[in-house]
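S.K.:
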Amino acid sequence: MTAAILSRSGEPTLSADQREALARGVSSIPPSWPLDRWIAVNPWWGRRHLPAEQAAAIPGARTHTSMLMPASFYLDAWSGGRIRETDVRKAIAESGSQKEPGALVSALDRLPAESAKGAPSVLDLTNKPGTSSPLEAMRQQIARACALFFDVRQSRWLSDIAAGSLLESWLEQTRNDLLLDRKVGLKGVRAIVESLSNEEVDASEWALGVLNLSPDDLESLAQRLLFELIGWSSWCKGIDWRAELEGNQSGLCDQLLSILLVCEAMGVQVASAELRHQWQADWGRYRRALPNAGDELLWTWHRAYEIGYLRTLVHTLSASQNQVISNSRESAIAEFQAVFCIDVRSEVMRRHLEEVCPTTQTLGFAGFFGMPVTHQGLGPEGDTPKLPGLLAPAFRLADSTGDRQKDRILSQAADQRELARQAVRKAKYSSLSSFTLVETTGLAWAWKLVRDSLNFNKEAAKIPDGMHSGLFHRHGGDPVSDIEKLELAEQLLRGMSLTSGFASLLVFVGHGSHTDNNPHQAGLACGACGGQNGGVNAGLAARLINDPVVRTGLAERGIRIPDFTVAVAAEHCTVTDKIQVLDRAQVPDSYLGKLRKLETSFADAGQRTRRERATALNLNGLDDQPLMSELTRRTVNWSEVRPEWGLANNAAIVFAQRSRTRGLDLAGRAFLHDYDESLDPEGSVLESLMSAPMVVANWINLQYLGSVAAQNTFGSGNKLLHSVIGGNVGVIEGNDPDLRIGLSYQSVHDGQQWRHEPVRLSVFIDASRLSIEKVIAHQPDVAALVENHWLWLFRFSEGGVEQYQNGSWHKF
């Protein structure tokens with residue numbers, strides 16, 4: 015918006031304060047990603063520069079945006095023992111209050127329900143009794159215009175309307191609506207629309223001139239209007255975000271705000287003098303309104319709730335101090351080394367793998383093993399990003415069978431199948447198609463419908479064999495050089511503090527989720543890496559480590575991998591907890607005995623992991639084989655709304671050697687990333703960990719928290735009522751045309767209780783105070799998250815754990 019509001023001569027028409035106010039309004043919107051590339055998003059990322067206690071409830075927005083739960087939630091936690099008196103006293107001490115816990119309980123019991131305090135909209139004042147408000151009517155009209163503009167897959171008619179800018183598309187659709195005045199309940203708005211310029215700058219200039227609001231009021235109104243369409247606002251913001259990653263500009267969220275401001279201005283323009291006076295009076299009352307008096311009380315209880323979790327976690331981590339074994343000894347006895355993604359579901363698997371095979375050393379590493387690639391399969395599909403969604407890919411991994419002629423045949427066959435599908439789809443949805451054609455094509459799917467309904471769909475998920483895949487520069491297409499491969503491998507090994515003590519089998523275990531008929535399937539895959547499975551990246555990492563040229567270069571840089579070390583790739587299905595070794599045929603015959611032992615250990619660990627997960631999935635009581643069968647059925651059951659719990663209940667991340675946490679039951683709630691400060695004298699690895707995996711884990715944590723505390727705003731509602739829009743654009747719920755973002759109700763609640771505890775992320779680092787403080791000083795985003803309480807920072811110290819608060823360290 016800052017660049018959009020210009021006069022016809024190109025000169026700015028707004029003051030710097032006004033432009034900044036509108037920019038702040040846009041920045042409060044979280045980005046969203048397509049369904050097939052879904053990543054967890056921090057709903058409050060644009061407000062990280064403010065204290066969480068102040069910023070979580072977004073001023074101006076009428077919808078609930080706070081991370082606070084209702085008073086009844088904390089009362090239940092108190093009466094059930096989840097919050098203890100010591101927790102409340104510690105929270106009181108942190109807040110500086112002098113009150114007693116008993117007084118806080120009484121005050122919480124008397125706290126009134128939250129009331130909406132959105133910024134005033136003149137469209138709220140013009141509705142007639144028994145009819146929907148003009149604001150709601152305009153909201154639905156704009157949402158449908160967005161659906162048509164962004165739909166490039168499902169829409170078959172009127173595709174020419176979706177040309178040009180979003181504003182032009184909306185104006186075209188609105189001008190063609192002869193019943194617009196009646197639909198929105200405002201006489202004369204269609205005439206105004208017909209008089210508006212198609213140029214965004216002119217339309218925005220007109221709207222802001224009519225509204226005539228101060229910068230502060232403009233910011234509040236912008237937030238109110240954008241949050242009325244939070245789904246489409248987030249979609250536009252996501253496109254803007256991804257364009258910026260590529261070095262481009264989009265400005266779609268600015269365009270949507272311009273449309274919303276035009277609608278508000280039209281309401282002011284056609285309103286009576288009496289209504290305009292009332293609107294201005296409402297703005298006066300809004301400016302004078304005091305903050306919700308109950309927020310301070312609820313924040314104290316929320317902090318007590320978080321301390322209740324930290325009390326048990328810190329006790330567990332501190333109790334392990336006397337049992338810490340040295341990393342050198344652990345490496346010396348390691349027969350296998352298994353590198354897992356830091357995903358919280360891996361914590362359970364790693365723990366059980368170490369139990370069934372004590373000679374296995376497990377490690378954790380984030381970001382799909384540091385492979386910044388897109389994946390190009392054999393077929394018409396475009397590149398699929400296989401890296402954290404906050405980063406731009408540098409390389410392209412192209413599949414190949416190793417035979418160019420065979421590659422060409424397979425690609426042509428895939429192209430033909432897709433062309434046939436598109437031809438049938440086009441014919442079926444054409445305005446000229448006959449009823450007989452539609453019925454006939456529908457019958458062709460009858461057997462699949464019956465088969466899926468009876469769970470006869472037993473097709474297993476296929477994991478690609480990438481032994482002959484080529485690695486190229488994404489821009490330009492040149493092959494990646496040996497030096498670049500060496501740097502990728504070095505970053506991988508140093509990033510997880512594995513530079514010596516290599517085992518004979520080094521296994522990179524990616525993970526992924528396999529489900530059927532699930533628009534949010536990508537949300538069950540990696541929570542950070544664009545909703546993708548990690549087998550492809552694991553295979554690339556293994557091939558790099560096995561590359562003789564790379565190994566020679568690593569040795570010259572001080573990382574000597576023994577000749578007897580063989581790297582292998584695997585993928586962990588998080589629905590069934592089955593780990594499948596990939597490219598098995600490439601393992602030397604002399605290692606097959608070791609590989610079989612490792613696969614047996616994977617199977618035993620998976621069995622124990624399934625038993626641990628059974629209760630949460632309401633499958634406890636089943637024997638091992640029936641349990642495995644039921645979980646396998648969930649991957650192909652097209653009516654299953656809870657195939658697994660994903661990353662629900664995530665609460666902590668630990669940067670330390672595995673010896674700090676080995677043998678500890680962290681209940682599948684902690685991300686575990688290996689880090690050894692002695693191998694990082696400059697602190698560069700720690701800086702990378704705190705500015706990347708820690709930030710990503712914070713996004714995941716706050717996505718889940720927002721989907722619980724503000725389900726109607728930052729959650730996607732009831733999965734049973736979802737309909738997919740635009741192929742992979744998103745979902746709507748019921749008849750509401752706005753997109754739903756975040757996690758569905760079924761992903762965080764089992765029908766009786768929440769399966770995710772809404773607590774902020776706790777970060778535990780095994781490093782010196784100086785090293786951690788150096789990162790905080792050098793990384794503004796890290797400092798904002800830490801100092802504004804968007805997460806809680808701890809470090810291991812002699813005799814326990816200490817917390818960083820207000821610029822200093824205190825024993826917890």
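With positions in the sequence shown counted from 1, the corresponding number in our numbering is that position plus 14. Where is the CB? At the ideal position from N, CA and C, for every residue including glycine.
Tell me which same chain residues have a C-beta within less than 8 Å of the C-beta of E816, skipping the five on either side of it?
M.R.: Reading the sequence shown from its first residue, position 802 is the one you call residue 816. Around E816: F808, R809, W823, H824, K825, F826.
S.K.: Among the residues of its own chain, which have a CB less than 6 Å from the CB of A121, if the five just before and after it don't count?
M.R.: The residue labelled residue 121 in the question sits at position 107 within the sequence shown. So the list reads L311, once near-sequence residues are dropped.
S.K.: Determine the DSSP secondary structure at R204, reduced to helix, strand or coil.
M.R.: Translated into the one-based positions of the sequence shown, residue 204 becomes position 190. Of the three classes helix, strand and coil, the one that applies to R204 here is helix, per DSSP.
S.K.: For R627, which residues of its own chain have a beta-carbon under 6 Å away from its beta-carbon, when the five flanking residues on both sides are left out?
M.R.: Here residue 627 corresponds to residue number 613 of the sequence shown, with the count starting at 1. Taking C-beta separations shorter than 6 Å and ignoring five residues to either side along the sequence, R627 has no partners in its chain.
S.K.: Could you spell out where the beta strand (DSSP E) holding P65 opens and where it closes?
M.R.: By one-based count along the sequence shown, residue 65 stands at place 51. Following the DSSP letters along the chain, one finds P65 in no beta strand (DSSP E), marked with neither H nor E.
S.K.: Looking only at C-alpha atoms, which of N551, Q546, I575, G265 sits nearest to N560?
M.R.: Within the sequence shown, the letter at position 546 stands for residue 560. When only C-alpha atoms are compared, the closest one is I575.
S.K.: Pick out the complete alpha helix (DSSP H) segments inside the stretch 504-579, 4 residues or longer, and give them in chain order.
M.R.: 549-560, 562-570
S.K.: Just how far apart, CA to CA, sit H525 and A539?
M.R.: The sequence position of residue 525 within the sequence shown is 511, counting from 1. The sequence position of residue 539 within the sequence shown is 525, counting from 1. Looking at the two C-alpha atoms, the distance is approximately 7 Å.
S.K.: Can you tell me whether F87 is helix, strand or coil according to DSSP?
M.R.: Within the sequence shown, the letter at position 73 stands for residue 87. Here F87 sits in helix by DSSP.
S.K.: Taking 7 Å as the cut-off, decide whether the C-beta atoms of P45 and N742 are in contact.
M.R.: By one-based count along the sequence shown, residue 45 stands at place 31. By one-based count along the sequence shown, residue 742 stands at place 728. Not closer than 7 Å, so no.
S.K.: By alpha-carbon positions, which one of T326, L137, R256 ends up nearest to A665?
M.R.: Within the sequence shown, the letter at position 651 stands for residue 665. That would be T326, whose Cα lies nearest to the Cα of A665.
S.K.: Quickly, what does DSSP pair K592 with across the bridge? List them, please.
M.R.: Here residue 592 corresponds to residue number 578 of the sequence shown, with the count starting at 1. Answer is C587, bridged to K592.
S.K.: Sort S247, M642, F409 by Cα distance to G490 and report the nearest one.
M.R.: Looking up residue 490 in the sequence shown gives position 476. The shortest Cα separation from G490 among S247, M642, F409 belongs to F409.
S.K.: Around the Cβ of L243, are there at least 16 other Cβ atoms within 10 angstroms (buried) or fewer (exposed)?
M.R.: Locating residue 243 in the sequence shown gives position 229, counting from the first residue. By the 10 Å Cβ count, L243 comes out buried.
S.K.: I need the DSSP call for A684, collapsed to helix, strand or coil.
M.R.: Taking the first residue of the sequence shown as position 1, residue 684 is located at position 670. If DSSP states are grouped into helix, strand and coil, A684 belongs with the strands.
S.K.: Could you check the C-alpha separation between S345 and L568 for me, to the nearest Å?
M.R.: The residue given as residue 345 occupies position 331 in the sequence shown. The residue given as residue 568 occupies position 554 in the sequence shown. Residue placement at S345 is poorly supported in this model, since its pLDDT is 47, which falls under 50; the coordinates still yield a value, given next. Their Cα atoms are separated by approximately 19 Å.
S.K.: For H824, which of helix, strand or coil comes out of DSSP?
M.R.: As a first step, residue 824 must be located in the sequence shown, where it is residue number 810. In this structure, H824 counts as strand in the three-state DSSP scheme.
S.K.: Between which two residues does the beta strand (DSSP E) containing G814 stretch?
M.R.: The residue you call residue 814 lines up with position 800 of the sequence shown. Its beta strand (DSSP E) spans residues 814-819.
S.K.: For Q3, which of L753, R754, R769, D752 has the nearest alpha-carbon?
M.R.: Not covered by the structure: residue 3. The range shown for the chain is 15 to 826.
S.K.: Considering only C-alpha positions, which residue in the set W713, G378, L693, R783 is nearest to E361?
M.R.: Position 347 of the sequence shown, counted from the start, is the residue given in the question as residue 361. Per the Cα distances, G378.
S.K.: Would you kindly report the start and end of the unbroken alpha helix (DSSP H) that includes L149?
M.R.: On the sequence shown, position 135 is the one that residue 149 refers to. First-last of the alpha helix (DSSP H) with L149: 148-164.
S.K.: What separation, rounded to the nearest whole angstrom, lies between the Cα atoms of G94 and A723?
M.R.: Within the sequence shown, residue 94 is the residue found at index 80, counting from 1. Within the sequence shown, residue 723 is the residue found at index 709, counting from 1. C-alpha separation (whole angstroms): 20 Å.
S.K.: Please identify the residue among A503, S109, F516 whose C-alpha is closest to the C-alpha of V563.
M.R.: Here the question's residue 563 lines up with position 549 in the sequence shown. It is A503 whose Cα lies nearest to the Cα of V563.
S.K.: Answer yes or no: do L235 and A107 have a C-beta to C-beta separation smaller than 7 Å?
M.R.: On the sequence shown, position 221 is the one that residue 235 refers to. On the sequence shown, position 93 is the one that residue 107 refers to. Going by C-beta atoms, L235 is not nearer than 7 Å to A107.
S.K.: Would D50 pass as a contact of A406 if the rule is Cβ separation under 7 Å?
M.R.: Position 36 of the sequence shown holds residue 50. Position 392 of the sequence shown holds residue 406. In this structure, A406 does not lie closer than 7 Å to D50 by Cβ.
S.K.: What whole-angstrom Cβ distance do E186 and H803 have, given they're in contact under 8 Å?
M.R.: Locating residue 186 in the sequence shown gives position 172, counting from the first residue. Locating residue 803 in the sequence shown gives position 789, counting from the first residue. Contact between E186 and H803 fails: their C-beta atoms lie close to 46 Å from each other, not under 8 Å.
S.K.: Just curious, the alpha helix (DSSP H) that S46 is in, first and last residue?
M.R.: As a working note, residue 46 is residue 32 in the sequence shown. First-last for S46: undefined, no H or E at that position.
S.K.: Residues in the same chain with beta-carbon distance under 7 Å from A217, minus the five sequence neighbours each way, listed in chain order, please.
M.R.: Looking up residue 217 in the sequence shown gives position 203. Leaving aside the five residues that flank A217 on each side, the residues in its chain whose CB is nearer than 7 Å to its CB run, in chain order, L181, L210, S211, S272, V276.
S.K.: Between the stretch 672-682 and the stretch 639-658, can you find at least three pairs of beta-carbon atoms closer than 8 Å?
M.R.: no
S.K.: Tell me which residue opens and which closes the alpha helix (DSSP H) that V224 is part of.
M.R.: In the sequence shown, residue 224 corresponds to position 210, counting from 1. Where V224 is concerned, the enclosing alpha helix (DSSP H) stretches over 214-225.
S.K.: I need the boundaries of the alpha helix (DSSP H) containing T727, first residue and last residue.
M.R.: For the purposes of this step, residue 727 is identified with residue 713 of the sequence shown, where counting begins at 1. From DSSP, the alpha helix (DSSP H) with T727 extends over 725-728.
S.K.: Whole angstroms is fine: what's the gap from A556's alpha carbon to D413's?
M.R.: Indexing the sequence shown from 1 puts residue 556 at position 542. Indexing the sequence shown from 1 puts residue 413 at position 399. One C-alpha to the other measures close to 16 Å.
S.K.: For the pair the stretch 687-696 and the stretch 636-647, tell me if three or more CB-CB distances fall below 8 Å.
M.R.: Between the stretch 687-696 and the stretch 636-647, the count of Cβ pairs shorter than 8 Å is below three; the stretches do not touch.
S.K.: Would you mind working out which of N226, P115, I746, V353 sits nearest W249, comparing C-alpha positions?
M.R.: Position 235 of the sequence shown, counting from 1, holds the residue named residue 249. Comparing Cα positions, the closest option is I746.
S.K.: So for P372, helix, strand or coil by DSSP?
M.R.: By 1-based counting over the sequence shown, the position of residue 372 is 358. Note: P372 maps to coil in three-state DSSP.
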